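In the numbering used here, the protein residues as written are 4 to 147. The beta carbon of each residue, even a glycine, is placed where N, CA and C say it ideally should be. Remember, it's a predicted structure, so these values are computed and weren't measured experimentally. Okay, so here's the structure we're looking at.
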Amino acid sequence: MGSVRKASAWLGLVDDSDDERYYDDDYSEGPEPGDAWVTDPRVRVADQTAQDQGSRIATVTPDGFRDARGIGELFREGIPVIVNLTAMEPADAKRVVDFAAGLTFGLRGSIERVATRVFLLTPPDYQVVSGEARRGNSGFFNQS
Numbered sequence: 004m005g006s007v008r009k010a011s012a013w014l015g016l017v018d019d020s021d022d023e024r025y026y027d028d029d030y031s032e033g034p035e036p037g038d039a040w041v042t043d044p045r046v047r048v049a050d051q052t053a054q055d056q057g058s059r060i061a062t063v064t065p066d067g068f069r070d071a072r073g074i075g076e077l078f079r080e081g082i083p084v085i086v087n088l089t090a091m092e093p094a095d096a097k098r099v100v101d102f103a104a105g106l107t108f109g110l111r112g113s114i115e116r117v118a119t120r121v122f123l124l125t126p127p128d129y130q131v132v133s134g135e136a137r138r139g140n141s142g143f144f145n146q147s
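This is the structure in structure tokens:
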């Protein structure tokens with residue numbers, strides 16, 4: 004509908020009932036329920052690829068505590084989640100860490116600090132293998 008026709012319809016000069024021909028049913032349904040918090044289309048593509056391969060690890064960089072729900076939903080599905088809190092305010096980051104600790108305790112998972120303000124949440128059926136023990140015993144690239 005043109006801008007003149009829209010203005011005329013708003014003023015009541017023209018009947019705007021034939022606007023339905025411009026209506027697209029694809030937009031009426033809204034976003035899919037599971038994708039409500041995903042705003043970056045690259046995340047959705049990577050998620051679909053990982054589902055096809057059968058293994059997924061989610062990386063989440065929340066902006067605030069309101070994004071904690073997305074972390075919880077991923078973890079409840081049995082997906083390991085890397086939570087990067089470097090972009091958050093310290094008070095909100097502490098709340099997210101408290102939420103993640105309660106989430107992993109309640110679902111019998113584990114939480115590990117990977118780096119400063121970066122945490123790994125793993126479901127109970129995953130085992131994290133640390134490379135620290137091998138580093139000291141290996142003679143590979145030994146310069147001494």
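Helix, strand or coil for residue i per DSSP?
| i | result |
| --- | --- |
| valine 7 | helix |
| alanine 90 | coil |
Buried or exposed for residue i, going by 16 or more other Cβ atoms inside 10 Å?
| i | result |
| --- | --- |
| phenylalanine 78 | buried |
| proline 65 | buried |
| proline 127 | exposed |
| alanine 61 | buried |
| alanine 39 | Residue placement at alanine 39 cannot be trusted, given a pLDDT of 46 that sits under 50; the coordinates are not used to answer. |
To the nearest angstrom, how far is it from the Cα of residue i to the Cα of residue j?
| i | j | result |
| --- | --- | --- |
| asparagine 87 | phenylalanine 102 | 14 Å |
| serine 113 | glutamate 76 | 16 Å |
| isoleucine 74 | serine 133 | 23 Å |
| aspartate 70 | alanine 104 | 15 Å |
| phenylalanine 108 | valine 131 | 16 Å |
| glycine 5 | arginine 72 | 42 Å |
| valine 63 | isoleucine 85 | 6 Å |
| arginine 59 | glycine 81 | 9 Å |
| leucine 106 | glutamate 115 | 13 Å |
May I ask which residues mark the beginning and end of the alpha helix (DSSP H) holding residue i?
| i | result |
| --- | --- |
| leucine 77 | 71-79 |
| valine 99 | 93-109 |
Our contact map puts residue i next to residue j with C-beta atoms below 8 Å; I'd like the distance itself, whole angstroms only.
| i | j | result |
| --- | --- | --- |
| phenylalanine 68 | valine 99 | 6 Å |
| alanine 96 | arginine 111 | Not a contact, Cβ separation roughly 24 Å. |
| leucine 124 | proline 93 | The pair is not a contact, with the Cβ atoms about 20 Å apart (cut-off 8 Å). |
Check for me: the beta strand (DSSP E) holding residue i runs from which residue to which?
| i | result |
| --- | --- |
| leucine 124 | 121-125 |
Quick check on residue i - is its C-beta less than 7 Å from some C-beta in chain D?
| i | result |
| --- | --- |
| threonine 62 | In the structure shown, chain D does not exist; there is a single protein chain. |
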